[in-house]
Structure formats: C-alpha cells, structure tokens
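Chains as they are written, first to last, in my numbering: chain G, 77 to 547; chain X, 140 to 529. Even for Gly, the Cβ is constructed at its ideal location relative to N, Cα and C. If you're wondering where the values come from, they're calculated on a predicted model, not measured in any experiment. Okay, so here's the structure we're looking at.
Okay, structure coming up:
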C-alpha cells in the first residue's frame, strides 16, 4: 500500500489585509488578509518549516526522497531540494529533485513520489511545496497572492490516507506565465484563464478520476483543490454537484491568500486535519494541465503526532503594520544594501554543521558545544568529541537589541541561548515583538536567510518566540 | 612568569587631540604624536632602534611598513601590532620586552587609528573565519549582553550605568585633548536614543581619530636623558586572551571579564601590589561602554564583585575619590581610535605621575594603572606604571 503518512504546513507570521493594499492604490479591496513571508524568508526556508512540521515524530534518516515544488526558487541554477534535505536531516543518499515552473509542481511531485514508492525505488518521499508569490504592485494579483508552504510524506507505512488512484492530463496553455525576463507573473485575460486553464482542466481531470474509480462525488469527504480565484473554485464545486460548505476543503484564501504551488497541498492538509477516518479526499490542481488524486483516510489519522498544522499556523500571526513594511520585506525599493562577507568554500566545509545544526559533546568532560571545535573549550582535550544534533529549542540567557545595524524601525534582538543539552548559541531573533524579549523566554530555532553575501544565499538559524506544538 | 618591574623606563610621551580629525590622515596623526614624544624625550628619530605600532584596521595601515613609511624610520625593525582594543598596549608590551631583553636601548611604542576615514557610524565588521556561524553583534551589542545579565542578576539599571558616563564626562570636560568636553546629566544618559538595548548613545564611546606615542628605554639610560628626574617606570605589564565567542561558552556568566581578572592578577603580582584600591593612585580603565567600566572596576579588584554601581555612585571612582577611575575622561570623552587608545592611556598615566597632566591632576600620584579590553571581552591588557622613586 502507498499513501500519505504525515502532513505539515507553514504560514509566515505576518499578515497584510487586502483593505490596506486597496487603500494604498485606491483600488477595490478583497476580503480578508494574506500571509506575507518575512524579510528573511523565501520558498526554501518556508519549505524547511513545513518539512519539520510534517516530520514531527518521524525519523528523518528513514526518509529516502525529497521533492521540492515551487515556482519561486531563489536560484535559477542550483537545486534546493538538497539544501532542504540537509537541514531536515535526511540521509545523503536520499533522492532529491526540484520540480518547478508550473503551479502543478506540488501534485506532480506527489505523483512522482507515489510512483517511486510503487516501483520500489524509495520507501518514504517527502514532497514539499512552497511559494513566495511575488506580484506586481497595484495589481489584483497583489491582493490575491499569498505566501506559504505545505508538505506531505508519501510512504508505505503508518498511512493516514491510502492512495487509491490518480488521473493527469498535460496541456499546452499560455495561462499564467513568467518569462525568464519577467519579475512578476503575467496574465492575458482572467476570464479565459479561470474558465479554460483552471476550471476546464481541473474538471476534466476530476471527471477522468471518477471514470477510473467509479466513486460518487456526492459521497466524498472533501475536495482539496487549487484555484485561480475563489469564485472559480465555487463554480467547480457547483459543476461537480458538491456541497461547497461541507465538501470543499477551505484553501484559506481569506486568511493566507493564494500561495501558488502550495495552495492545493494546503487545502489537502486542511482536509486531512478536518476529516474523519475512512473518508474519500480528492486532491486536484491545475497548471499546464491538471492532476487529480483520490485518497481514503484511515484510522491512523487520529493518532498523528502533535504538530503545528493548519490550526497552529493560523493561530500564530501578527499584522504587518504597514504596506510599506511589505514593500521592504519583498525588497521592492531600491536602496543600498550591505554586502556581508561570505565564502562558498567555507560554506562547503561547514555545511553539515551549519545546516544540520550540529554541535559536539566532549567525550572527556561531557560539555556540549557549538561550533565543531578541534579542542574542547572547557577541558582542552583534542579531537575527542561525538557530534550531536542540537535541539531547535532554547531559553534566553541574555540578550541585546540592536538599533543600528537593523537599519529599520524595529531593533533586532541578539539572544544568547541556552539549549536543553547545555550548549549555548548566539542567534538573532525574528518574527517577534522586541518589547517582549526577556531573559528566560523560550524560543524556537528556525532556518532563515541570513544575507546574500558573496552573491549567493547564505542561510542560517535565527530564533523566534516559542510556539508550543498543538496537542 | 617573571616581572618587568624596574626594567623599563618611559622617557618621552606625545599624543594628538582625539576627535573627528577629518583633515588629518593616519600619517599626520602618527607623525604628530611620535615627534611630540621624541621631543619630550630629547631623542633624535635616528636613535630609535625598533618600533611597534598598534593599528586595528587595514584602512589605517597594514604591516610594520605603514607606520615606518609615515615616519620614514627605515632600516630598523618595525611591527604593526593588532590585538583588538588592546592593540596599542600590546605594541607597548612588545616595546618593553625589546628593551628588557637587552636587545635594544631606545624603542618606540605607538598607536594610531583613522576611524573617521570609514565614517562615524560604528566600527566596521570584522571578517571571521566562519562568516555565517561566527556572527558577532556590533560592538555595543556585545557589551550590552553583559549589561542585560547584570540588570537581571545584580539589579542594576540604566541609572547605574549612567553614573559612569556622568563621572567620565565631568572628568573629560577638563581635558584639552578630549573629543568631548561637556558634562552630561544623568537623565540625558538614561534618555539618550538606544544603540543596543540597554545601552544608549551616551553609554557608548564615540568613533574618533587619534594617535599616541611613548619612547622607552632602560632606567639606566633614562638617568642621562631629559626626564632624568621624573622618568616613569613600568612596574607590571600583562595581557590575557580569552574566548572570542563568550556566548558559546556554556559556563560564561556575563557578570565580569575573565581576561581582565587574569591580566590584572598577573600585573599586580609583577608590581607586588596586594591591595590595588589602596596602593594605586589612579586607574585608566577601558570604558568603551558604561557597563565595561563597571565590570572592569570589579575585575581589577578596586571594589568587591557586584558593588561597582554603588562604588561609582558614591564617588569613590571620581576625581578626589578613593581611587579615581578615568580621570582623563576615558574612552567616553576621548573616543576610541582602537590602535591608539592603549598608548593614550599610558601617556595619561605617565603625565599624571610626572605631575603634568593636561586635564585634572591627581595629587601626588605615585602609581597608576592602565587597562584595555578588546574584542568580545577577549583581550585584556594591564600596565602598572610608577614614579621612579617608588
């Protein structure tokens, strides 16, 4: 049997209301708000968060594949799945690939993962879909789009949902596109895109799936579907004869916005989180064709390890205090930026320590320390360590708040953290209210962009006020 | 370890005004300071047998070639010394060892830094061996980590810190060579814009340019030079280096600086000093930030641990008090041209012991101590000087 063993999601901390965007441009505003990736986030860091959420209670060493699905990779050339795999602690022999360029990348990745497991080439494949949708200012896209990530672990054991069947079609369509020279997504005519590129293709795929499986759509638990705009999604539900309130999984348009590739997976995660065992879920997504899957939930759905999931992620948020802050986050203004030092050579040498967040324990005095020293900083014994994975939680031992280098309205806290195993690290704090930082505060340690020194993306760890996992 | 006591004499000193010297280069500053010292000693440039110059940043100058080039002191050994904020005092240490070893008779210890050439918005970042995982907060942030901890454990607050700024600005207002010569009020310090919580602008020393120089020789030779009656002797000198990343050390308590404690202990042993607060007449200690001076006062043994706030508030560290600390105005008023600061403090102590201080003169000062602390509490340097009759 193949299916879904686990799921995880990540929504960035900050929200921008559509009313605020509408007000700035004197445009009609949509309902609700959108999630906005912080200045130190991109599709990779959000994928890491969703990946950790998905792997709650699961040994990453047993995951032998990772597919990263996005339309907003921070690199045009350089794979990011290996980056994400290393941070999540997957074995080096795991199969990794980036699946890009189409809104269907997330579901295509699931298809690929299912086939890998069926063929016996992999046992557990993590599919992570993540997008920071960069939309042109003063466009409706700016209001519609959002940022977020979702992950599913495709597996053959401990399945919370069995894979039943799928139906895919590939189509030539110039629907939504971005050429190699475009900064923002281009459209031709919304109505055409909504009716043909989205509704038409998704309906065809779902009907194909019904034909293959013989299910009764009226009896399915949830339809988790991508969308072009929320009205089109309602139209699809109508055309399929579904009861939208009961059967349509909320893709969170009013709270997150449309986060591109991750939208169908977020709707899928929401369906899993709000469905009973033994229910059928259809997962469908458009994008240069369409994919449709049928899954059936199992009793194991109720015994999943605690995770942030949809509810936890929706609960943790703060309003972005202005549109200008959003402009700053997305670096839409031209301003001089510092060019910090970095070296690809040092990065290569330290990759395991930095991305794997590895410390070491002295075999002679027992002190756990970071970074990987040659000589113990307490007892001076040489080369006598075992490597230890550092916990991604800690408490503030002391801190300061930097008002100078932060360069913005808010100071950046620098925190000396005491970790559970006694090691200490120094990390800057993100996604926080600087006024609330204090000694003893519990923090989570998160993977973020540090800077783009030496022309490449330097990721590292930061901390944020702890968000307790939802029980 | 042995002692430097009675082996080295200071026979000439010179220093520039400290401050925003936009129109002066590192060459201008160093030449001014060194020629003042040479003149003070009555020594010709050609008589200098070796030189050491404290410089932290490459834009001030690289290698011994830079200071030698400025001074055209060619054909002798000249070394650039870089050891964070103790660079200048480490240059002095090397010069002392050169004389004490018997290798040279007359040597030059100097320091210069031209921070303003990089603008006044804080010290440039230092590139580490691991630029990503070895992040350093900006300098005020480093010391603020100690202040936050002291607020929590010692119950200190911004007013405690402000006591240092008020005292040093009062001292510095009398010093013609200081960058800032204006007293400040406690409320100004407490309410100044924040730089690195809890440190505000007046808790921090300024970015400044400056240079200082000392001519060093043996006590025997000193007796035949211009200052034969009032040359100053080195009683003890020590440098101690600790971690560059105190935040990574699981035992580090941020309530004091181990490097200061050890450098102090060692220098006191060389000088035979048992009770520093009684036996010293003045102290110039590193006050790059107000919290730095408070903890250094404790680490140098001038008052018991935890009591520096009270010690300063009660006036014991003020001019006329039990043991005046930073009677020149300190880094708070002089600013901190990194490579020059250590030498500037030694010039100050020397002139105090000779009874010719440019600012407030400590009456009948016989022994004085100068101290630097650099990096992330990493390098501490302590030098104890005494009148030649001590």
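query                                                                                                                                   : result
Contacting residues, own chain, Cβ-Cβ under 6 Å from residue 105 of chain G (five flanking each side not counted)                       : 94, 95, 98
Chain-ordered residues of the stretch 378-411 of chain X with a beta carbon less than 8 Å from chain G                                  : 382, 384, 386, 387, 388, 389, 390, 391, 393
C-beta neighbour in chain X for residue 477 of chain G, strict 9 Å                                                                      : yes
Length of the line joining the Cα atoms of residue 328 of chain G and residue 343 of chain G                                            : 8 Å
Where the alpha helix (DSSP H) through residue 314 of chain G begins and ends                                                           : 306-316
Inter-residue Cα distance where the pair is residue 287 of chain X and residue 103 of chain G                                           : 47 Å
Other residues of its chain near residue 304 of chain G: CB distance less than 7 Å, five sequence neighbours each side excluded         : 269, 270, 274
Beta-carbon gap between residue 89 of chain G and residue 540 of chain G smaller than 9 Å                                               : yes
At least 3 beta-carbon pairs within less than 8 Å: the stretch 376-385 of chain X vs the stretch 508-526 of chain G                     : no
Residue 147 of chain G beta carbon less than 9 Å from that of residue 178 of chain G                                                    : yes
Secondary structure, beta strand (DSSP E): runs of 3+ residues fully inside the stretch 190-221 of chain X                              : 217-220
Identified DSSP bridge partners for residue 536 of chain G                                                                              : G/524
Residues of its chain near residue 199 of chain X, where Cβ-Cβ distance is below 7 Å and the 5 sequence neighbours each way are ignored : 165, 251, 252, 253, 478
Which listed residue (G/361, G/216, G/223, G/144) has its alpha carbon closest to that of residue 265 of chain G                        : G/216
Inter-stretch contact (C-beta, 8 Å, three-pair minimum) for the stretch 437-447 of chain X and the stretch 400-420 of chain X           : yes
Straight-line gap, residue 312 of chain X to residue 322 of chain X (C-alpha atoms, nearest Å)                                          : 6 Å
CB contact below 9 Å: residue 333 of chain X versus chain G                                                                             : yes
At least 3 beta-carbon pairs within less than 8 Å: the stretch 208-223 of chain G vs the stretch 320-340 of chain G                     : yes
Nearest-angstrom beta carbon gap, residue 416 of chain X and residue 441 of chain X [assumed within contact, 8 Å]                       : 5 Å
Entirely enclosed alpha helix (DSSP H) segments - the stretch 399-474 of chain G, minimum 4 residues                                    : 399-405, 420-431
Every unbroken beta strand (DSSP E) within the stretch 239-316 of chain X, with a cutoff of 3 residues, ordered by chain                : 246-253
Integer Cβ distance of residue 454 of chain G from residue 499 of chain G, believed to fall under 8 Å                                   : Not confirmed; about 12 Å, so no contact.
From G/463, G/350, G/469, residue whose alpha carbon lies closest to that of residue 496 of chain G                                     : G/469
Validate contact between the stretch 185-201 of chain X and the stretch 220-233 of chain X using beta carbons, cut 8 Å, 3 pairs         : yes
Any C-beta of chain X under 9 Å from that of residue 439 of chain G                                                                     : no
Members of the stretch 363-376 of chain X that neighbour chain G once the beta carbon cut-off is set at 8 Å                             : none
Where the alpha helix (DSSP H) through residue 417 of chain X begins and ends                                                           : 415-418
Identity of the residue in G/367, G/351, G/403, G/318 nearest residue 242 of chain G by Cα                                              : G/367
Exposure label - residue 356 of chain G; buried when at least 16 CB within 10 Å                                                         : buried
Contact with chain X by residue 460 of chain G, beta-carbon distance below 9 Å                                                          : no
Chain-ordered chain X contacts of residue 419 of chain G [CB-CB under 8 Å]                                                              : 270
Euclidean distance between Cα positions of residue 356 of chain X and residue 405 of chain X                                            : 23 Å
Test: residue 279 of chain X CB closer than 9 Å to a CB of chain G                                                                      : yes
Beta carbon proximity, residue 470 of chain X to chain G, threshold 9 Å                                                                 : no
Residue-level contact to chain G via CB, residue 444 of chain X, 9 Å cutoff                                                             : no
Per DSSP, cross-strand counterpart(s) of residue 298 of chain G                                                                         : G/357
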